[in-house]
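In numbering that gives the first Met the number 0, the protein residues as written are 0 to 294.
Heads up, the beta-carbon is just placed ideally off N, CA and C, and yes, glycines get one too.
Note sheet for the following structure.
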Amino acid sequence: MRAEGRTGGTPTTPTTQPHTALLALPGGVFRMGSDEQRYPGDGEGPARDVRVGAFRIAPHAVSNDDFAAFAAATGYVTTAEWVGTSFVFGGLLPDDFPPTRAVAAAPWWREVPGASWRRPEGGASDVDGRGDHPVVHVSWLDAREYCRWAGGRLPAEAEWEYAARGGLDGVRYPWGDELTPGGEHRMNVFQGRFPGRDTGEDGFAGTAPVDAYPANGYGLHNTTGNVWEWCADRFGPARPGRRNMRGGSYLCHESYCWRYRCAARSANTPDSSAGNIGFRMAAAVHPAGGIEDDR
């Protein structure tokens, strides 16, 4: 879902701004990846021991209110706003929405003129009442600029997975291996028959508030489901020029996208945006240090 045309954005001067308090994690060795190879091309495996240093990370994804503060302070124009279009899940559009370009391999994605973080479904849509939902329609480039403004960076992929697991090694989800323990939904994914109708059995059809479900063992909310989250790293030679995304989204369904797991990976070009892609911020333990965010 690449936004055609020049990638826009008004440059900002990096300055430390107030933002959600970041959680300090000590780092250590953890079991990264999975040997459950449903999608071999995603490069989840083999599972291996990886060491990460101490770092800080946000307890939840950047919200619409957070991003609005950034845009108001800097005048930043996102890629989707500059290009004038982004991609929206067709199930969130009205029945009489005019035909527009769809993604060939995933026709439920529709290109919508005017769709952006301010107007998630294009047209007259807005984020009123969704201030605490994750910001979407943000490219990797946009996410990087926000993090620079807020005094942080995007997490490295290993940091993201270490934090998402909440101290539990080798399990599928941030709480264990069972999707709905005791019948309880613990993340926002697609229920029903995809892509026809999301029954919303988990409480939401579309995005959910950034802290809608209980936190994992490290205090992070919604590390699986809700929105894909950009990471700093390039995906690798299998998908050159693309950046990592982790965690799955509200559109993930086991029938086609069993990627709402801690080990799951995906990727997109850095100028891409869609209605299910957001991010959370990380930072070094000490403000002067950290991992480079555009390697």
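For W116, no alpha helix (DSSP H) run applies, since DSSP gives it neither H nor E. Taking every protein chain shown into account, the CB of R47 has fewer than 16 other CB atoms within 10 angstroms, so this residue is exposed. Here V284 is not near R109, since their CB atoms are 8 Å or more apart.
For G165 and G175, the gap between their C-alpha atoms comes out near 10 Å. Here M280 is not near A157, since their CB atoms are 8 Å or more apart. Sorting G128, D168, R242 by C-alpha distance to the C-alpha of G27 places D168 at the top. Approximately 15 Å separates the beta-carbon atoms of V170 and G247; this is outside 8 Å, ruling out the contact. If you compare the alpha carbons of D270, A204, C261, F278 with that of E35, the shortest gap goes to C261. About 18 Å separates the beta carbon of W107 from that of G122, a gap too long to meet the 8 Å contact definition. For T268, the three-state secondary structure derived from DSSP is coil. For T84, the three-state secondary structure derived from DSSP is strand.
Under DSSP, F193 forms no beta bridge with any residue. Contact between D131 and P208 is confirmed by a C-beta separation of about 4 Å, below the 8 Å threshold. Per DSSP, reduced to three states, the secondary structure at N63 is helical.
In the assembly as shown, G195 is an exposed residue. Its beta-carbon has fewer than 16 other beta-carbons within 10 Å. Sixteen is the threshold: since fewer than 16 other Cβ atoms of the shown chains lie within 10 Å of the Cβ of P236, the residue is exposed. In the DSSP assignment, E144 falls within the unbroken alpha helix (DSSP H) covering 139-148. The C-alpha of V111 is placed about 6 Å away from the C-alpha of T84. If you draw a straight line from the Cα of H136 to the Cα of S272, it is about 5 Å long. In the displayed model, E110 falls within a strand according to three-state DSSP.
Here DSSP, grouped into helix, strand and coil, assigns A71 to helix.
The region 222-230 makes contact with the region 239-254, as at least three CB pairs between them are under 8 Å.
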